[in-house]
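Visitor: Can you keep this structure in mind? I'll have questions shortly.
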Amino acid sequence: MSRAILVIGQSHVAAVRAAAKARREADPDRPRTRVIHTVEPQYAPEVDGEGEEARFTPALADMIRDQIDRHAPLVASASGGNVHNGFALIRHPRPYDFLLSDEDGPPLDPEAEPVTEALVRAALEAGLERDRIRLREIRRLGGNAIQLESPPPLADGSAIAAQADAYFRNRGIAELGVAPAALRYKIWRLHSRIVAGYCADLGLRFLPVPPETQDAEGFLGPPFAGDATHGNQAYGEALICALEAL
Amino acid sequence: MSDHPYRSLPDTAYWRRAVAGQGPAIDPLAGGFLTLSQDDKVATAGSCFAQNIARYLRRSGFNFLVSETAHPIIPAEAAERHGYGLYSARYGNIYSARQLLQLFDRAYGAFAPAEDIWPAAGGEGRVVDPFRPTIEPQGYASEAELRADRAHHFARVREMFETLDVFVFTLGLTESWESAIDGAVFPVCPGVSGGVFDPARHAFRNFRVGDVAADLAVFIGRLRAVNPVARIILTVSPVPLVATASGHHVLAATTYSKSVLRAAAQEVVEDHDGVFYFPAYEIIMGAPAAARYFAPDMRNVTEEGVAQVMSVFLRHAASIDLPAPLDTPVAEPADAALAAAREWVEVMCDEALLDSDEA
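Residue numbers (my numbering), protein chains in the order written: chain A, 750 to 995; chain B, 103 to 461.
Here's what the structure looks like:
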């Protein structure tokens, strides 16, 4: 595909930005991939208003429109994709677990309190309000955009503990520990299913994680990890390739 | 003038002194009641009216025991919809003494009903627990999920029985549907909220006084085996039947049902130490109230009625005087009355599904 790409999002755009920069340096004439990070200071506070009235700030909306007008890019969204980490990266002091419906997943942890998937979904959805607004705005401004699934969790808890950023360090990841890999995987799957449902409601296409970035169990392969929760440049490159292949 | 036993009776023994002219806010409790301290762990179970007792105990600063709490990740509104906090554990409404006894036996592994999983009403492979069919509003996603949740629930039920100081049980119904295979009693008729009604497998049962009293007696014995100091308060729900399968008029069937429960409660209290009867039924249904505590449908109890019940309860059990219920006129504006009833109806009452168009 010889078309520019615009990826709108927050922290997960870093991987795409790194890959795009490497591409640009290697081949300046190649169609560019550009990113808009919606929580950068010039767009603050990112969203005005609440609920159904919420809109991206004029500065952010203008930037998205300008990029589309100038480059006619394929619009993709790496928006959101952090709620599942905020939820289940750190081991909860009252350990819990749940079963995934409609797909194979790890069994229940017999030592953890079972919670129904419906209630875990309710908990996740309560944290996804901002991400819903972002998707709605990207649909409004970007048309038939493509939502990129957030990267899967890393299987290795010690790698997560070692690379966790300040957000998780300040919340006691060292003391409480990293949540079991099986729970993190299931929360990520459920999170993806919820977001895919939002996309279907909005008429956005949902693009799953590039399979080559996953290990045999579906976790993020270590060569594609940027830190405890994000993909790296190689992951970003895989995303761009997946978009180009559409 | 000769002496006789009635000469020395207290005023509460006389209708003219205790009831006539006393107004609707009657206090019909006499003859001793238990004393509740703020430290006593109070557990509740029973028909939907019992949810009000839990609500008031919590509101009044008592140690309302909840052994099965929602996990902290769950939003409060979702937890409430999924039956957390309505009672001490997440068993939903327990309408009959047999259901209570079987809950105890199931929790301790002494009874494993043959029919222990139902297809959900909405289909799509979801399932419900026949013994608390509305506890997961959309049903469980799978049998494995249901069984895991049930095992956790039973552990919390055992914890409740073993740690409570006072158990308040509100008797609600005599009419039940049971498994023809092993007598497992369901809180609602199969097919109403999940499951498939099969006349060959499901039988109607209208318990008699002897049945209810015997079930309660066995339950008390088993509870005391795991918690020798447990005290018990029995009440009878004043809420009429939403529907009857007895073949009688629903009013006559209600009278029978409540009479059986009231008589059984009396017998059990007389036969067991540490078991008390609290006259919630009399406060709401008695002639002095003249039906003022009922919503216009003559079934749902208004918040005013619940407040009167609980003010009497707390006065006798804990020497607490709640503010008197507002002396509102009997005929409230329709919307206000409905609002009061609606507040009460917010308690989970799956029996009402019997008269739902969707049932």
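Every residue gets a Cβ at the ideal spot worked out from N, C-alpha and C, and that includes glycine.
Whose Cβ in chain B lies nearer than 9 Å to the Cβ of A/Tyr947?
Guide: Those do not exist, as A/Tyr947 stays about 18 Å from chain B at its closest Cβ, beyond 9 Å.
Visitor: Anyone know if the C-beta pair for B/Val287 and B/Ile334 falls short of 8 Å?
Guide: Their beta carbons are not under 8 Å apart, which means B/Val287 does not touch B/Ile334 by this criterion.
Visitor: Using a Cβ cut-off of 7 Å, which residues of the stretch 220-243 of chain B contact any Cβ in chain A, in chain order?
Guide: Of all residues in the stretch 220-243 of chain B, Glu238, Gln240, Tyr242, Ala243 have a Cβ within less than 7 Å of some Cβ in chain A.
Visitor: Determine which residues share a DSSP beta bridge with B/Arg208 and list them.
Guide: Paired residues: none, contrary to the question.
Visitor: Is the distance from the Cβ of B/Thr276 to the Cβ of B/Ser339 below 8 Å?
Guide: No, these two residues do not count as a Cβ contact at 8 Å.
Visitor: Within the continuous alpha helix (DSSP H) that includes B/Ser413, where are the two ends?
Guide: Segment 405-420, the alpha helix (DSSP H) holding B/Ser413.
Visitor: Taking the C-alpha atoms as reference points, what is the distance between A/Gly829 and A/Glu789?
Guide: If you take the alpha carbons of A/Gly829 and A/Glu789, they lie about 14 Å apart.
Visitor: How big is the Cα-Cα spacing for A/Thr865 and A/Arg773?
Guide: For A/Thr865 and A/Arg773, the distance between alpha carbons rounds to 47 Å.
Visitor: So A/Arg752 packs on A/Ala769, CB below 8 Å; how close in whole Å?
Guide: Not a contact, Cβ separation roughly 14 Å.
Visitor: Can you name the residues of chain A whose CB is closer than 9 Å to the CB of B/Asp251?
Guide: Under the 9 Å cutoff, chain A gives Pro863, Val864, Thr865.
Visitor: Can you tell me which of the three DSSP states A/Ser826 falls into?
Guide: A/Ser826 falls in the strand class under three-state DSSP.
Visitor: Quick check on B/Pro107 - is its C-beta less than 8 Å from some C-beta in chain A?
Guide: So no, B/Pro107 is outside the interface.
Visitor: Less than 8 Å between the C-beta atoms of A/Gln896 and A/Leu884, yes or no?
Guide: It is a contact, given that the beta carbons lie within the stated cut-off.
Visitor: Do three or more CB pairs link the stretch 241-249 of chain B to the stretch 845-861 of chain A at distances below 8 Å?
Guide: With a cut-off of 8 Å, the stretch 845-861 of chain A and the stretch 241-249 of chain B count as touching, because enough Cβ pairs lie within range.
Visitor: To test your reading of the DSSP string, which unbroken alpha helix (DSSP H) runs of 4 or more residues are found completely within the stretch 201-288 of chain B?
Guide: Those alpha helix (DSSP H) runs which fall completely within the stretch 201-288 of chain B and span 4+ residues are 245-265.
Visitor: I'd like the ranges of any beta strand (DSSP E) spanning at least 3 consecutive residues and lying wholly in the stretch 295-358 of chain B.
Guide: Complete beta strand (DSSP E) runs here, min 3: 304-308, 333-338.
Visitor: Whether or not the stretch 388-395 of chain B and the stretch 365-375 of chain B are in contact is what I'm after, with contact meaning three or more pairs of Cβ atoms, one per stretch, closer than 8 Å; do they touch?
Guide: No, because fewer than three Cβ pairs between the stretch 365-375 of chain B and the stretch 388-395 of chain B fall closer than 8 Å, the two stretches do not touch.
Visitor: Looking at the unbroken alpha helix (DSSP H) that takes in A/Ala810, where does it start and where does it end?
Guide: Its alpha helix (DSSP H) spans residues 807-820.
Visitor: Within this structure, are the beta carbons of A/Ala894 and A/Ala910 separated by less than 8 Å?
Guide: No; because the gap between Cβ atoms is not below 8 Å, this pair is not in contact.
Visitor: Name the chain B residues whose beta carbon is nearer than 8 Å to that of A/Ser850?
Guide: Residues of chain B passing the Cβ test: Ala243, Ser244, Glu247.
Visitor: Which class does A/His786 belong to by DSSP, given the choice of helix, strand or coil?
Guide: If DSSP states are grouped into helix, strand and coil, A/His786 belongs with the strands.
Visitor: By DSSP, does A/Tyr947 sit in helix, in strand, or in coil?
Guide: DSSP places A/Tyr947 in helix when its eight states are reduced to three.
Visitor: Should B/Trp117 go down as buried or exposed, given a rule of 16 or more other Cβ atoms within 10 Å for buried?
Guide: It is exposed - the Cβ of B/Trp117 has fewer than 16 other Cβ atoms within 10 Å.
Visitor: In the DSSP assignment, the alpha helix (DSSP H) including B/Tyr158 goes from what residue to what residue?
Guide: Element bounds for B/Tyr158: 152-161.
Visitor: When DSSP labels each residue in this structure, what does A/Val765 get in the three-state scheme?
Guide: Helix, per DSSP.
Visitor: Would you say B/Pro292 faces chain A, with C-beta separation under 8 Å as the test?
Guide: Closer than 8 Å: no.
Visitor: Please tell me whether A/His940 and A/Leu873 are closer than 8 Å, where the distance is taken between their beta carbons.
Guide: Closer than 8 Å, so yes.
Visitor: Does B/Ala180 come within less than 8 Å of chain A when only Cβ atoms are used?
Guide: Judged by the 8 Å Cβ criterion, B/Ala180 is in contact with chain A.
Visitor: Could you pull the DSSP bridge partners for B/Asn165 from this structure?
Guide: In the DSSP output, where bridge partners are listed per residue, B/Asn165 has B/Lys143.
Visitor: I want to see whether chain A comes within less than 8 Å of B/His351, judged by CB atoms only; does it?
Guide: No, B/His351 does not count as interfacial toward chain A.
Visitor: Ordered along the chain, which non-local residues of its own chain (more than five positions away) have a Cβ less than 8 Å from that of A/Arg840?
Guide: Correct list, in chain order: Leu925, Gly926, Val927, Ala928, Pro929.
Visitor: In this structure, does DSSP put A/Leu953 in helix, strand or coil?
Guide: It is coil, neither helix nor strand.
Visitor: Anyone know if the C-beta pair for B/Val259 and B/Tyr193 falls short of 8 Å?
Guide: It is a contact, given that the beta carbons lie within the stated cut-off.
Visitor: Among A/Thr978, A/Ser907, A/Ala767, whose alpha-carbon lies nearest the alpha-carbon of A/Val832?
Guide: The shortest C-alpha separation from A/Val832 is found at A/Thr978.
Visitor: Comparing C-alpha positions only, which one of A/Ile757, A/Phe847, A/Arg918 sits nearest to A/Met812?
Guide: For A/Met812, the nearest C-alpha among the options comes from A/Ile757.
Visitor: Measuring only between beta-carbons, confirm whether A/Ala871 sits less than 8 Å from chain B.
Guide: Yes, contact with chain B.
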